[in-house]
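This report refers to the structure that appears directly beneath it.
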Amino acid sequence: MYDLTISNSNALTKGKTIQDLMQEWVSFLDVKPKTAQTYTRNIKPFIEYLAFNGISDPQRADVIAYRDELKSPSNPDMKPKKPATVQAYITAVKLFFQWAEVQGLYPNIAKKVKGAKIRNEHKKDPLTIGQITEILRNFNREKNIGKRDFAMFALMITCGLRTIEVVRANVEDMRTVAGYTVLFLQGKGRDDKSEYVKIPEAIEKAIREYLATRNDLKDNSPLFASEANRNRGDRLTTRSVSRVIKEAMRAINLDSNRLSAHSLRHTTATINLLNGGTVEETQQLLRHENINTTMIYNHALSRVKNNSEERVAEAIFS
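Now the structure itself:
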């Protein structure tokens, strides 16, 4: 701990450390516990930077120096942070000082400090139709766990589900709307299950085949449950869902840092757009709040559809 020195000190900050103020900020935030944990984790490196450099009265130049240190560490043994990480860390710092100024505790020294430029592209790659087919064929559907993993993979690749949406899904969330079987979802940042995806007939059949293997199903039972002996029937975690998908990819020799469970969501969007789906339909399918997020897929595909290389090659070699 170290004292926070303020030029025009007041009773609100007297005797408090900057850590004290940051804890007050996190407590003040009207966010879910997991989000509060994220902000706490993202602000911690800044506190450590101030402590290491003996800075008790941080100024704007210190925030900029901290950002630059994240990008290009002075210690050669330290690796530069990725742009997304730099952006997250600086965002936390900016939000803290914005709050501190509103509360009359400290001037907003981080105002208009830029984070890092993040390229407007996805960090994960989609799968091809051939790869999807091979993965689906590779599941051993003679076993209960194979039935589960096949149904879960098929649902995610068809409907663009996030891992958290898979984890939160209950048996009762499969319902009928206007003659279609649908699955109501609680998406990222949502408090209720107000959105749904339509489940194609083949996927519904696979899910019901899997559910038939389970005993004592209740409405609030998880749609996909653990098959491990120690917690059989319990809800899966996002980590376990990601592991199932990653192992399914590795089983057909697809092992890359750019392929993960989130690749299935990218695949859903890509296939839909390539097969006539509009950007608006894809936005609704993926449940994006901002259509600009969906447009990233469209921009990527516009380059794929540019056949300039083929035309040049044909002119030279034909």
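Numbering of the sequence shown is given in our numbering, commencing with residue 726 and proceeding in unit increments. Even glycine gets a Cβ: it sits at the ideal position worked out from N, Cα and C. The structure displayed is predicted, hence computed values, not measured ones.
Would you say the beta carbon of residue i comes nearer than 8 Å to a heavy atom of the ligand FAD?
i, result
"LYS806", "This structure does not include the ligand FAD; it has no bound ligands of any sort."
Locate the beta strand (DSSP E) running through residue i, then write down its first and last residues.
i, result
"ARG900", "899-902"
Whose C-beta lies closer than 8 Å to the C-beta of residue i among residues of the same chain, with five residues either side of it excluded?
i, result
"LEU901", "In the sequence on display, residue 901 carries Thr and not Leu. Closer than 8 Å at the Cβ level, and outside the excluded window around THR901, lie VAL907."
"LEU942", "VAL896, LEU936"
"ILE857", "ILE882, THR992"
"THR760", "LEU754"
"ILE1016", "VAL1004, GLU1005, GLN1008"
Near residue i, which residues of its chain fall below 6 Å by C-beta distance, leaving aside the five closest residues on each side in sequence?
i, result
"ASN833", "PHE822, GLN823, GLU826"
"LYS806", "LEU795"
"ILE924", "THR906, LEU908"
"VAL922", "CYS884, LEU908"
"ALA813", "ASN767"
"ARG990", "GLY885"
Can you tell me where the alpha helix (DSSP H) with residue i in it begins and where it stops?
i, result
"TYR921", "From DSSP, TYR921 is part of no alpha helix (DSSP H) but of the beta strand (DSSP E) over 920-923."
"TYR905", "Here TYR905 belongs to no alpha helix (DSSP H); instead the beta strand (DSSP E) covers 905-910."
"ILE928", "926-936"
"PHE1042", "1033-1042"
"ASP745", "743-753"
"LYS796", "785-796"
"GLY871", "869-884"
"PHE771", "758-777"
"LYS849", "That residue, LYS849, is in no alpha helix (DSSP H); it is neither H nor E in DSSP."
"GLY855", "854-863"
"GLU826", "808-827"
"ASN997", "986-999"
Here's the rule: buried if 16 or more other CB atoms are within 10 angstroms of the residue's CB, otherwise exposed. What is residue i?
i, result
"PHE777", "exposed"
"ASP898", "buried"
"ASN767", "buried"
"LYS1030", "exposed"
"ASP874", "buried"
"GLU1014", "exposed"
Considering only the beta carbon of each residue, do residue i and residue j sit closer than 9 Å?
i, j, result
"ALA994", "THR1007", "yes"
"ILE789", "ALA973", "no"
"SER988", "ASP850", "yes"
"VAL892", "LEU961", "yes"
"ALA894", "LEU910", "yes"
"THR765", "VAL751", "yes"
"ARG792", "ILE815", "yes"
"ILE970", "SER985", "yes"
"PRO808", "LYS769", "no"
"ASN869", "GLU952", "yes"
"LYS872", "GLU934", "yes"
Could you pull out every residue in the same chain whose Cβ sits closer than 7 Å to the Cβ of residue i, ignoring the five residues on either side in sequence?
i, result
"ALA736", "Any answer about ALA736 is weak, because its pLDDT of 48 lies below 50 and its placement is not dependable; what the coordinates show is given next. There are no such residues."
> Is the region 958-975 touching the region 868-883 in the sense that three or more CB pairs, one from each, lie closer than 8 Å?
Replying inline: yes
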